[in-house]
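Peer 1: Take a look at this one; I'll ask things after.
Residue numbers (my numbering), protein chains in the order written: chain A, 1 to 82; chain B, 101 to 182.
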C-alpha cells in the first residue's frame, strides 16, 4: 500500500477571508504574535500498489481533475510506501 | 519569523462522509486503486519570534482552543524558523 498526503492551499496572491477570520479570532484569544493565517484542505489517501513514481503521477492527475482548483489553488504531494 | 503548518484531521475511528464522497468520485474518474480517502483542514501560520519550543506550546493551545475540535479531530504541528 502507498500512503499519500496532499495539501491544497490558496495561491499566495489569492485573498483568504477564512484565514483572515481565523487570524482575528486568534488575536482576540490572546495570540497577537500570529502575523498571517492561511487555511487549506488536506487529503490522506491510501492506494494499492508499490510504485511510488507511478502513484505520484496518478495523484497529480487527481489533483488537477478533482482535488484542487488550479486556477486559485496550489497543491503539494507527499508519498511514502507503507 | 516562525513558519507553522498544522494539519487537522478526523480521528481514525470517526466516520468521514466527505472523504468517502471524494473516494467514490475518484473511482468514477478512473482511479480504482484508491482505497481510502480522509479529508482534513490545514493552517499555515506565520508568527513573530524565534523560540520554536515556545511557539509550539502556543500553537498547541491554539489548536485546543480554536483550530481543532479535539473530541473528534487530531492535529499535527510542523514548526520551522524562517
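Idealized CB from N, CA, C, for every residue including glycine.
(1) Pop quiz: residue 62 of chain A and residue 126 of chain B are said to be a contact at Cβ under 8 angstroms. What is the actual Cβ separation, rounded to whole angstroms?
(2) Please determine if the region 141–159 of chain B and the region 104–120 of chain B are in contact, where contact requires at least 3 C-beta pairs separated by less than 8 angstroms.
(3) Output needed in chain order: residues of the region 22–49 of chain A with a Cβ under 8 angstroms from some Cβ in chain B.
(4) Taking only beta-carbon atoms, is residue 110 of chain B less than 7 angstroms away from chain A?
(5) Along the chain, where does the alpha helix (DSSP H) containing residue 140 of chain B start, and where does it finish?
(6) In chain order, what residues of the same chain have a beta carbon less than 7 angstroms from the beta carbon of residue 149 of chain B, not counting five sequence neighbours either side?
(7) So which of A:58, A:24, A:52 and A:68 has the shortest CA-CA distance to residue 80 of chain A?
(8) Taking any Cβ of chain A, which residues in the region 155–170 of chain B have a Cβ under 7 angstroms from it, in chain order?
Peer 2: Per the coordinate set shown:
(1) 6 angstroms
(2) yes
(3) 22, 25, 26, 29, 31, 33, 34, 35, 36, 37, 38, 39, 40, 41, 42, 43, 44, 45, 46, 47, 48 and 49
(4) no
(5) For residue 140 of chain B, there is no enclosing alpha helix (DSSP H); the enclosing beta strand (DSSP E) has its first and last residue at 134–147.
(6) These residues qualify, in order along the chain: 102 and 155.
(7) A:52
(8) 158, 162, 165 and 166
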